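Participant:
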Amino acid sequence: MTPPVSRMSPQPRPIAQLQPQSPVPQPKTAAPTPSEKPRLVPPQTRPPIVSKNHQAPKQMKVAPKKSNAWKWILGIILTIVVLLLAAVGSAYVWYTQQLGSVHPGSTETVRLNVASGSTASDVASQLAEKQVIKNEIAFEIYYRIHQSTGLKAGVYVLTKGMSVSEIVDHLESGKPDEFTLTFLPGGTLADARKVLEDVGYSAASIEAAFSKTYDSPLFDGKPAGSDLEGYIYGDTYNFYTGASIDDVLEKIFDHMYDDIKANNLEAAYAAQGMNLYQGITFASIVQTEVSNKDDMSKVSQVFHKRLATDMPLGSDVTFIYGARKLGVAPSVDLDSPYNTRTHKGLPPGPVSNPGLSALVAGASPADTDYLYFVAGDDGVTYFSKTNEEHEAATRAHCQANCLLPSQ
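In C-alpha coordinates:
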(Lines of atoms letter the chains of each structure in order from A and count residues from 1; the text may use other names and numbers.)
(Lines give C-alpha, C1' and ligand atoms only; values in the text may rest on other atoms or scores of the structure.)
Protein backbone atom coordinates (compact mmCIF):
# COMPACT_ATOMS: atom_id res chain seq x y z
CA MET A 1 0.00 0.00 0.00
CA THR A 2 1.34 3.17 -1.06
CA PRO A 3 1.88 5.61 1.78
CA PRO A 4 -0.13 8.73 1.58
CA VAL A 5 1.45 11.75 0.23
CA SER A 6 1.48 14.65 2.57
CA ARG A 7 0.00 17.74 1.18
CA MET A 8 1.74 20.06 3.52
CA SER A 9 3.78 22.77 1.86
CA PRO A 10 7.42 22.07 1.79
CA GLN A 11 9.56 23.98 4.34
CA PRO A 12 11.51 26.86 2.81
CA ARG A 13 15.21 26.29 2.68
CA PRO A 14 17.71 28.88 3.92
CA ILE A 15 19.10 31.04 1.19
CA ALA A 16 22.57 29.92 1.95
CA GLN A 17 21.65 26.38 1.28
CA LEU A 18 20.23 27.34 -2.06
CA GLN A 19 23.53 28.75 -3.28
CA PRO A 20 25.64 26.18 -4.99
CA GLN A 21 28.85 25.49 -3.16
CA SER A 22 32.06 24.82 -4.97
CA PRO A 23 33.44 21.51 -4.12
CA VAL A 24 36.65 21.78 -2.13
CA PRO A 25 39.31 20.00 -4.05
CA GLN A 26 40.97 17.34 -2.06
CA PRO A 27 44.55 16.46 -2.65
CA LYS A 28 45.02 13.33 -4.53
CA THR A 29 47.02 10.77 -2.73
CA ALA A 30 48.26 7.49 -3.84
CA ALA A 31 46.21 4.62 -2.60
CA PRO A 32 47.98 2.65 0.04
CA THR A 33 49.00 -0.78 -0.78
CA PRO A 34 47.05 -3.51 0.90
CA SER A 35 49.93 -4.20 3.25
CA GLU A 36 50.36 -0.57 4.29
CA LYS A 37 48.19 1.37 6.57
CA PRO A 38 47.38 4.87 5.50
CA ARG A 39 49.62 7.48 7.23
CA LEU A 40 48.08 10.55 8.55
CA VAL A 41 50.31 13.60 8.03
CA PRO A 42 49.60 16.49 10.34
CA PRO A 43 48.52 19.54 8.43
CA GLN A 44 51.39 21.66 9.69
CA THR A 45 54.02 19.22 8.39
CA ARG A 46 52.46 18.31 5.08
CA PRO A 47 54.68 19.22 2.11
CA PRO A 48 53.39 22.04 -0.05
CA ILE A 49 51.53 21.16 -3.15
CA VAL A 50 53.79 21.81 -6.11
CA SER A 51 52.21 22.47 -9.38
CA LYS A 52 53.73 20.91 -12.41
CA ASN A 53 53.70 24.29 -14.17
CA HIS A 54 55.09 26.43 -11.32
CA GLN A 55 58.12 26.14 -9.13
CA ALA A 56 57.96 26.74 -5.44
CA PRO A 57 59.07 30.27 -4.44
CA LYS A 58 62.55 30.56 -3.00
CA GLN A 59 62.67 30.83 0.72
CA MET A 60 65.89 33.07 1.04
CA LYS A 61 65.28 36.75 0.33
CA VAL A 62 68.38 38.10 2.25
CA ALA A 63 70.76 38.47 -0.70
CA PRO A 64 68.72 41.05 -2.63
CA LYS A 65 68.24 43.13 0.53
CA LYS A 66 72.01 43.06 1.25
CA SER A 67 72.82 44.15 -2.29
CA ASN A 68 70.46 47.11 -2.02
CA ALA A 69 72.06 48.25 1.27
CA TRP A 70 75.54 48.31 -0.28
CA LYS A 71 74.25 50.28 -3.21
CA TRP A 72 72.76 52.81 -0.81
CA ILE A 73 76.00 53.14 1.17
CA LEU A 74 78.05 53.42 -2.00
CA GLY A 75 75.75 56.14 -3.24
CA ILE A 76 76.24 58.15 -0.08
CA ILE A 77 80.02 57.78 -0.30
CA LEU A 78 80.07 58.88 -3.92
CA THR A 79 77.87 61.86 -3.08
CA ILE A 80 80.23 62.92 -0.28
CA VAL A 81 83.28 62.52 -2.54
CA VAL A 82 81.64 64.62 -5.25
CA LEU A 83 80.74 67.31 -2.72
CA LEU A 84 84.27 67.30 -1.31
CA LEU A 85 85.79 67.55 -4.77
CA ALA A 86 83.45 70.41 -5.58
CA ALA A 87 84.39 72.18 -2.34
CA VAL A 88 88.12 71.67 -2.96
CA GLY A 89 87.75 72.87 -6.51
CA SER A 90 85.86 75.96 -5.41
CA ALA A 91 88.44 76.66 -2.70
CA TYR A 92 91.27 76.31 -5.20
CA VAL A 93 89.58 78.65 -7.66
CA TRP A 94 89.03 81.17 -4.85
CA TYR A 95 92.65 80.79 -3.66
CA THR A 96 94.16 81.34 -7.12
CA GLN A 97 91.92 84.36 -7.67
CA GLN A 98 93.09 85.91 -4.37
CA LEU A 99 96.73 85.60 -5.46
CA GLY A 100 96.21 87.92 -8.40
CA SER A 101 96.96 91.64 -8.34
CA VAL A 102 94.47 94.06 -6.84
CA HIS A 103 94.66 96.35 -9.85
CA PRO A 104 96.34 94.57 -12.80
CA GLY A 105 98.64 96.91 -14.68
CA SER A 106 98.50 99.62 -11.99
CA THR A 107 101.73 101.53 -11.32
CA GLU A 108 100.45 103.19 -8.14
CA THR A 109 103.12 102.67 -5.49
CA VAL A 110 102.98 102.15 -1.74
CA ARG A 111 105.72 101.96 0.90
CA LEU A 112 105.91 98.88 3.08
CA ASN A 113 108.08 98.98 6.21
CA VAL A 114 109.00 95.45 7.29
CA ALA A 115 110.34 95.79 10.82
CA SER A 116 112.85 93.35 12.21
CA GLY A 117 111.03 90.30 13.60
CA SER A 118 107.86 90.87 11.57
CA THR A 119 105.76 87.75 10.89
CA ALA A 120 103.86 86.83 7.74
CA SER A 121 100.67 87.85 9.55
CA ASP A 122 102.13 91.28 10.35
CA VAL A 123 103.13 91.83 6.73
CA ALA A 124 99.80 90.51 5.40
CA SER A 125 97.93 92.95 7.64
CA GLN A 126 99.97 95.89 6.32
CA LEU A 127 99.54 94.80 2.71
CA ALA A 128 95.77 94.45 3.11
CA GLU A 129 95.55 97.85 4.80
CA LYS A 130 97.47 99.42 1.92
CA GLN A 131 95.24 97.54 -0.57
CA VAL A 132 98.12 95.70 -2.23
CA ILE A 133 96.67 92.19 -1.71
CA LYS A 134 93.13 90.89 -1.89
CA ASN A 135 93.10 88.57 1.10
CA GLU A 136 95.37 88.14 4.13
CA ILE A 137 94.69 84.41 4.56
CA ALA A 138 95.54 83.64 0.94
CA PHE A 139 98.78 85.62 1.27
CA GLU A 140 99.79 83.73 4.41
CA ILE A 141 99.02 80.35 2.83
CA TYR A 142 101.08 81.20 -0.24
CA TYR A 143 103.95 82.53 1.84
CA ARG A 144 104.09 79.47 4.09
CA ILE A 145 104.06 77.16 1.07
CA HIS A 146 106.59 79.06 -1.03
CA GLN A 147 108.86 80.82 1.49
CA SER A 148 112.55 80.14 1.05
CA THR A 149 114.86 82.63 2.74
CA GLY A 150 112.26 84.44 4.82
CA LEU A 151 111.19 88.08 4.96
CA LYS A 152 113.95 90.66 5.09
CA ALA A 153 113.57 93.81 7.18
CA GLY A 154 113.58 97.09 5.31
CA VAL A 155 111.42 99.57 3.46
CA TYR A 156 110.03 98.31 0.15
CA VAL A 157 108.23 100.05 -2.65
CA LEU A 158 105.41 97.95 -4.13
CA THR A 159 102.81 98.59 -6.80
CA LYS A 160 99.15 97.64 -6.71
CA GLY A 161 99.70 95.84 -10.02
CA MET A 162 101.92 93.19 -8.37
CA SER A 163 100.66 89.66 -7.70
CA VAL A 164 101.24 87.88 -4.41
CA SER A 165 104.07 85.81 -5.90
CA GLU A 166 105.84 88.96 -7.10
CA ILE A 167 105.41 90.62 -3.71
CA VAL A 168 106.81 87.62 -1.81
CA ASP A 169 109.77 87.35 -4.20
CA HIS A 170 110.52 91.03 -3.70
CA LEU A 171 110.28 90.88 0.10
CA GLU A 172 112.58 87.84 0.22
CA SER A 173 115.14 89.37 -2.12
CA GLY A 174 116.90 91.12 0.76
CA LYS A 175 117.10 94.29 -1.30
CA PRO A 176 114.94 96.97 0.32
CA ASP A 177 113.89 99.85 -1.88
CA GLU A 178 114.64 102.33 0.89
CA PHE A 179 117.19 102.58 3.64
CA THR A 180 117.27 104.62 6.82
CA LEU A 181 119.97 106.96 8.10
CA THR A 182 119.95 108.40 11.60
CA PHE A 183 122.19 111.27 12.60
CA LEU A 184 122.07 112.09 16.28
CA PRO A 185 121.89 115.68 17.52
CA GLY A 186 125.26 116.47 19.06
CA GLY A 187 127.11 114.13 16.72
CA THR A 188 130.04 115.36 14.69
CA LEU A 189 131.08 115.20 11.07
CA ALA A 190 133.26 112.19 11.96
CA ASP A 191 130.19 110.44 13.35
CA ALA A 192 128.28 111.19 10.14
CA ARG A 193 131.05 109.67 8.06
CA LYS A 194 130.76 106.42 9.99
CA VAL A 195 126.96 106.34 9.56
CA LEU A 196 127.39 106.67 5.79
CA GLU A 197 130.15 104.07 5.63
CA ASP A 198 127.99 101.62 7.54
CA VAL A 199 125.35 101.64 4.79
CA GLY A 200 127.93 101.05 2.08
CA TYR A 201 129.24 104.41 0.88
CA SER A 202 132.98 104.46 0.27
CA ALA A 203 135.29 106.73 2.23
CA ALA A 204 136.41 108.39 -1.01
CA SER A 205 132.86 109.20 -2.12
CA ILE A 206 132.01 110.55 1.34
CA GLU A 207 135.06 112.80 1.39
CA ALA A 208 134.29 114.09 -2.11
CA ALA A 209 130.71 114.91 -1.13
CA PHE A 210 131.78 116.62 2.10
CA SER A 211 134.25 118.79 0.18
CA LYS A 212 131.72 120.13 -2.33
CA THR A 213 130.07 123.54 -2.21
CA TYR A 214 126.30 123.42 -1.99
CA ASP A 215 123.95 126.16 -3.10
CA SER A 216 121.45 126.75 -0.31
CA PRO A 217 120.43 129.73 1.84
CA LEU A 218 121.28 127.44 4.76
CA PHE A 219 124.94 128.31 4.22
CA ASP A 220 124.55 132.10 4.42
CA GLY A 221 127.52 133.49 6.34
CA LYS A 222 129.50 130.23 6.17
CA PRO A 223 133.21 131.05 5.57
CA ALA A 224 134.73 129.73 2.37
CA GLY A 225 136.77 126.61 2.93
CA SER A 226 135.01 125.64 6.16
CA ASP A 227 133.69 122.11 6.42
CA LEU A 228 130.14 120.83 6.91
CA GLU A 229 130.35 120.54 10.69
CA GLY A 230 127.05 121.69 12.14
CA TYR A 231 125.06 120.96 8.97
CA ILE A 232 124.42 117.22 9.24
CA TYR A 233 121.10 117.91 10.89
CA GLY A 234 120.23 115.50 13.68
CA ASP A 235 117.22 113.43 12.58
CA THR A 236 116.17 110.16 10.90
CA TYR A 237 115.87 110.03 7.10
CA ASN A 238 114.64 107.52 4.53
CA PHE A 239 116.28 107.25 1.12
CA TYR A 240 115.60 105.18 -1.97
CA THR A 241 118.15 102.53 -2.84
CA GLY A 242 120.71 103.99 -5.22
CA ALA A 243 120.64 107.49 -3.76
CA SER A 244 124.01 109.21 -4.03
CA ILE A 245 125.68 110.93 -1.09
CA ASP A 246 124.88 114.24 -2.78
CA ASP A 247 121.20 113.22 -2.69
CA VAL A 248 121.53 112.35 0.99
CA LEU A 249 123.20 115.63 1.92
CA GLU A 250 120.83 117.79 -0.08
CA LYS A 251 117.85 116.16 1.63
CA ILE A 252 119.44 116.83 5.03
CA PHE A 253 120.17 120.46 4.14
CA ASP A 254 116.64 121.03 2.84
CA HIS A 255 115.14 119.53 6.00
CA MET A 256 117.31 121.67 8.25
CA TYR A 257 116.51 124.87 6.42
CA ASP A 258 112.80 124.06 6.39
CA ASP A 259 112.88 123.82 10.19
CA ILE A 260 114.83 127.06 10.45
CA LYS A 261 112.28 128.87 8.29
CA ALA A 262 109.33 127.32 10.10
CA ASN A 263 110.65 128.62 13.44
CA ASN A 264 111.79 131.99 12.06
CA LEU A 265 115.27 131.36 13.44
CA GLU A 266 117.17 133.63 11.04
CA ALA A 267 115.34 136.67 12.35
CA ALA A 268 115.64 135.42 15.95
CA TYR A 269 119.42 135.07 15.64
CA ALA A 270 119.65 138.43 13.93
CA ALA A 271 117.95 139.90 16.99
CA GLN A 272 120.80 138.40 19.03
CA GLY A 273 123.36 140.04 16.73
CA MET A 274 124.25 136.84 14.85
CA ASN A 275 123.99 135.66 11.26
CA LEU A 276 122.72 132.14 10.57
CA TYR A 277 126.19 130.54 10.55
CA GLN A 278 126.99 132.09 13.93
CA GLY A 279 123.61 130.99 15.24
CA ILE A 280 124.32 127.40 14.18
CA THR A 281 127.75 127.60 15.82
CA PHE A 282 126.19 128.92 19.04
CA ALA A 283 123.50 126.22 19.00
CA SER A 284 126.13 123.51 18.52
CA ILE A 285 127.80 124.52 21.80
CA VAL A 286 124.46 124.47 23.64
CA GLN A 287 123.67 121.05 22.12
CA THR A 288 126.98 119.56 23.24
CA GLU A 289 126.82 120.99 26.77
CA VAL A 290 123.35 119.66 27.73
CA SER A 291 120.63 117.47 26.27
CA ASN A 292 117.66 118.52 28.40
CA LYS A 293 115.42 120.99 26.57
CA ASP A 294 114.78 123.18 29.62
CA ASP A 295 118.48 123.26 30.51
CA MET A 296 119.31 124.23 26.92
CA SER A 297 117.45 127.54 27.20
CA LYS A 298 119.22 128.31 30.52
CA VAL A 299 122.66 127.43 29.12
CA SER A 300 121.82 129.63 26.12
CA GLN A 301 121.05 132.48 28.51
CA VAL A 302 124.40 132.01 30.31
CA PHE A 303 126.37 132.14 27.06
CA HIS A 304 124.42 135.08 25.65
CA LYS A 305 125.03 137.00 28.87
CA ARG A 306 128.76 136.23 28.80
CA LEU A 307 129.01 137.40 25.21
CA ALA A 308 127.13 140.58 26.10
CA THR A 309 129.49 141.31 29.02
CA ASP A 310 132.67 140.50 27.03
CA MET A 311 133.37 137.41 29.12
CA PRO A 312 134.91 134.31 27.56
CA LEU A 313 132.32 131.63 26.97
CA GLY A 314 134.52 129.25 28.93
CA SER A 315 132.90 126.15 27.40
CA ASP A 316 134.91 122.99 27.88
CA VAL A 317 133.27 121.30 24.89
CA THR A 318 134.89 123.82 22.54
CA PHE A 319 138.52 123.15 23.47
CA ILE A 320 137.81 119.40 23.61
CA TYR A 321 136.59 119.63 20.01
CA GLY A 322 139.65 121.74 19.07
CA ALA A 323 141.95 119.11 20.57
CA ARG A 324 140.21 116.38 18.56
CA LYS A 325 140.76 118.31 15.33
CA LEU A 326 144.45 118.68 16.18
CA GLY A 327 144.75 115.09 17.31
CA VAL A 328 146.07 116.00 20.74
CA ALA A 329 144.90 115.58 24.33
CA PRO A 330 142.42 118.24 25.50
CA SER A 331 143.60 120.81 28.03
CA VAL A 332 142.28 124.12 29.35
CA ASP A 333 145.29 125.96 27.90
CA LEU A 334 145.11 124.34 24.45
CA ASP A 335 146.44 126.63 21.73
CA SER A 336 143.44 126.62 19.44
CA PRO A 337 140.89 129.17 18.27
CA TYR A 338 138.29 126.65 19.48
CA ASN A 339 139.44 127.13 23.08
CA THR A 340 136.79 129.53 24.42
CA ARG A 341 138.57 129.67 27.75
CA THR A 342 141.43 131.55 26.17
CA HIS A 343 139.62 133.16 23.24
CA LYS A 344 136.61 135.43 23.61
CA GLY A 345 133.59 135.19 21.40
CA LEU A 346 132.42 132.24 19.35
CA PRO A 347 134.77 129.56 18.00
CA PRO A 348 135.50 129.51 14.23
CA GLY A 349 132.63 127.13 13.55
CA PRO A 350 130.23 124.59 15.01
CA VAL A 351 131.55 121.92 17.34
CA SER A 352 128.69 119.45 16.63
CA ASN A 353 125.54 119.04 14.58
CA PRO A 354 122.71 120.67 16.55
CA GLY A 355 119.13 119.49 16.59
CA LEU A 356 116.03 121.65 16.45
CA SER A 357 115.75 122.04 20.25
CA ALA A 358 119.25 123.49 20.49
CA LEU A 359 118.68 125.80 17.52
CA VAL A 360 115.49 127.14 19.10
CA ALA A 361 117.12 127.50 22.53
CA GLY A 362 120.07 129.35 21.04
CA ALA A 363 117.75 131.87 19.42
CA SER A 364 115.41 132.16 22.42
CA PRO A 365 117.33 132.05 25.73
CA ALA A 366 115.53 131.69 29.03
CA ASP A 367 114.67 134.78 31.03
CA THR A 368 117.12 134.20 33.89
CA ASP A 369 120.16 135.92 35.32
CA TYR A 370 122.67 133.10 35.55
CA LEU A 371 126.38 133.38 34.73
CA TYR A 372 127.56 129.87 35.64
CA PHE A 373 126.50 126.24 35.49
CA VAL A 374 127.98 122.87 36.31
CA ALA A 375 126.86 119.34 35.40
CA GLY A 376 126.68 117.32 38.60
CA ASP A 377 127.58 113.68 39.03
CA ASP A 378 123.87 112.98 39.47
CA GLY A 379 123.06 114.19 35.95
CA VAL A 380 121.53 117.46 37.14
CA THR A 381 122.80 120.81 35.84
CA TYR A 382 123.25 123.37 38.60
CA PHE A 383 123.06 127.07 37.71
CA SER A 384 124.52 129.96 39.73
CA LYS A 385 124.52 133.75 39.55
CA THR A 386 127.88 134.33 41.27
CA ASN A 387 131.23 132.60 41.14
CA GLU A 388 131.01 131.80 44.88
CA GLU A 389 127.70 130.00 44.39
CA HIS A 390 129.17 128.20 41.41
CA GLU A 391 132.23 126.95 43.30
CA ALA A 392 130.05 125.74 46.16
CA ALA A 393 127.78 123.88 43.72
CA THR A 394 130.82 122.32 42.07
CA ARG A 395 132.23 121.08 45.39
CA ALA A 396 128.85 119.72 46.42
CA HIS A 397 127.75 118.05 43.20
CA CYS A 398 130.70 117.46 40.90
CA GLN A 399 133.50 115.27 42.18
CA ALA A 400 133.82 112.58 39.50
CA ASN A 401 132.87 114.57 36.39
CA CYS A 402 134.73 117.78 37.13
CA LEU A 403 138.22 116.63 36.29
CA LEU A 404 138.59 119.84 34.34
CA PRO A 405 137.83 123.28 35.68
CA SER A 406 134.09 123.93 35.42
CA GLN A 407 132.39 126.85 33.75
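Going by our numbering, the first residue of the sequence shown is number -6, and it counts up by one from there.
Quick reminder that beta carbons are idealized off the backbone N, C-alpha and C, glycines included.
Source: prediction; values computed, not measured.
1. Is it true that the region 201 to 218 meets the region 228 to 247, where meeting means three or more beta-carbon pairs spaced less than 8 Å apart?
2. Determine the extent of the alpha helix (DSSP H) in which Thr274 is found, giving its start and end residues.
3. Which stretch, first to last residue, makes up the alpha helix (DSSP H) that contains Val161?
4. If you pair each beta-carbon of the region 333 to 350 with each one of the region 303 to 311, do three or more pairs fall below 8 Å?
5. Please name the residue, chosen from Ser345, Ser377, Glu384, Lys378, that lies closest to Gly180 on a Cα-to-Cα basis.
6. What residue range does the alpha helix (DSSP H) around Ala368 cover?
7. What does Thr152 pair with, by DSSP beta-bridge criteria?
8. Determine the DSSP secondary structure at Thr206, reduced to helix, strand or coil.
9. Considering only their Cβ atoms, is the gap separating His96 from Gly154 smaller than 8 Å?
10. Tell me the start and end of each unbroken beta strand (DSSP E) in the region 86 to 150 that is at least 3 residues and wholly inside, in chain order.
11. Could you pull out every residue in the same chain whose Cβ sits closer than 7 Å to the Cβ of Asp370, ignoring the five residues on either side in sequence?
12. With three or more C-beta pairs closer than 8 Å as the rule, is the region 273 to 286 touching the region 346 to 356?
13. Taking 6 Å as the limit between beta carbons, can you name the residues of its chain near Ser109, skipping five residues before and five after?
14. Taking the alpha carbon of Ser204 as the point to measure from, which residue in Val188, Ala261, Leu182 has its own alpha carbon closest?
15. Taking the alpha carbon of Val125 as the reference point, which residue from Ile313, Gly68, Thr100 has its own alpha carbon closest?
16. Can the beta-carbon of Thr274 be found less than 8 Å from the beta-carbon of Gly223?
17. Tyr233 bridges to which residues according to DSSP?
18. Contact defined as beta carbons within less than 8 Å: I believe Ala386 pairs with Val367. What is the distance between those atoms, to the nearest angstrom?
19. Starting from the C-beta of Val148, find all residues in its chain whose C-beta is less than 8 Å away, skip the five residues before and the five after it, and write them out in chain order.
20. Along the chain, where does the beta strand (DSSP E) containing Tyr375 start, and where does it finish?
21. State yes or no: is the C-beta of Gly179 nearer than 7 Å to some heavy atom of the ligand ZN?
22. Put Ala386 into one of helix, strand or coil per three-state DSSP.
23. For Ala264 and Gly342, what's the separation of their Cα atoms in angstroms?
24. On the three-state DSSP scale, how would you describe Asp309?
25. Which residue wins for smallest C-alpha separation from Lys360, given the options Pro216, Val292, Gly372, Asp191?
26. Give the range of the alpha helix (DSSP H) segment to which Gln294 is assigned.
27. With Leu339 as the anchor, note down where its alpha helix (DSSP H) starts and where it stops.
28. For Leu269, count neighbouring C-beta atoms within 10 Å of its own C-beta (all shown protein chains included) and say buried if the count is 16 or more, exposed if not.
29. In whole angstroms, what separates the C-alpha of Ala276 from that of Ala260?
30. Where Ser94 and Glu129 are concerned, what is the direct C-alpha to C-alpha distance, given to the nearest angstrom?
31. Hey, Ser329 and Gly315: beta-carbon distance below 8 Å or not?
32. Would you report the Cα separation of Lys298 and Ile225, rounded to the nearest angstrom?
33. With a threshold of 16 other CB atoms inside 10 Å of the CB of Lys215, please say whether the residue is buried or exposed.
34. Kindly list the residues whose CB is nearer than 6 Å to the CB of Leu177, restricted to its own chain and excluding five residues on each side of it in sequence; keep chain order.
35. Give the straight-line distance between the Cα atoms of Ala113 and Trp63, rounded to the nearest whole angstrom.
36. Just the C-alpha distance for Leu364 and His383, rounded to the nearest angstrom, thanks.
Facilitator: Considering the structure as presented:
1. With three or more CB-CB distances shorter than 8 Å, the region 201 to 218 counts as touching the region 228 to 247.
2. Thr274 -> alpha helix (DSSP H) spans 269 to 282.
3. Here the alpha helix (DSSP H) through Val161 covers 157 to 164.
4. Enough Cβ pairs lie closer than 8 Å, so yes.
5. Nearest Cα to Gly180 within the set Ser345, Ser377, Glu384, Lys378: Ser345.
6. Here Ala368 belongs to no alpha helix (DSSP H); instead the beta strand (DSSP E) covers 365 to 368.
7. BP columns for Thr152 point to Thr102.
8. Correct three-state label for Thr206: coil.
9. Taking 8 Å as the Cβ cut-off, Gly154 and His96 qualify as a contacting pair.
10. Every unbroken stretch of the beta strand (DSSP E) spanning 3 or more residues and falling wholly within the region 86 to 150 is given here in chain order: 102 to 107.
11. Short of 7 Å from the beta carbon of Asp370, and not among the five residues preceding or following it, lie these beta carbons of its own chain, in chain order: His390, Cys391, Gln392, Ala393, Asn394.
12. Contact between the region 346 to 356 and the region 273 to 286 is present, because at least three Cβ pairs lie under 8 Å.
13. Excluding residues within five positions, the ones whose Cβ falls inside 6 Å are Ala146.
14. Its Cα nearest to that of Ser204, the residue Leu182 stands out among Val188, Ala261, Leu182.
15. Considering only alpha carbons, the answer is Thr100.
16. Yes.
17. Tyr233 is bridged to Glu171.
18. Correct: roughly 6 Å between the Cβ atoms.
19. By the criterion of a C-beta distance shorter than 8 Å, Val148 is surrounded in its chain by Arg104, Leu105, Asn106, Val107, Pro169, Asp170, Glu171, Phe172, Thr173, Asn231, once the five residues flanking it on both sides are discounted.
20. Element bounds for Tyr375: 374 to 377.
21. No copy of the ligand ZN appears in this structure; indeed no ligand is present at all.
22. In this structure, Ala386 counts as helix in the three-state DSSP scheme.
23. The C-alpha of Ala264 lies about 20 Å from the C-alpha of Gly342.
24. Here Asp309 sits in helix by DSSP.
25. Note that residue 360 is Asp in the sequence shown, not Lys. The option with the nearest alpha carbon to Asp360 is Val292.
26. Start and end: 286 to 301.
27. Note, Leu339: premise wrong, no alpha helix (DSSP H); not H, not E.
28. That one is buried.
29. In this structure, the CA atom of Ala276 is about 15 Å from the CA atom of Ala260.
30. Computed Cα separation, rounded: 13 Å.
31. Going by C-beta atoms, Ser329 is nearer than 8 Å to Gly315.
32. C-alpha separation (whole angstroms): 28 Å.
33. So Lys215 ends up on the buried side.
34. Excluding positions up to five away in sequence, the list reads Gly227.
35. Straight-line Cα distance between these residues: approximately 48 Å.
36. About 9 Å.
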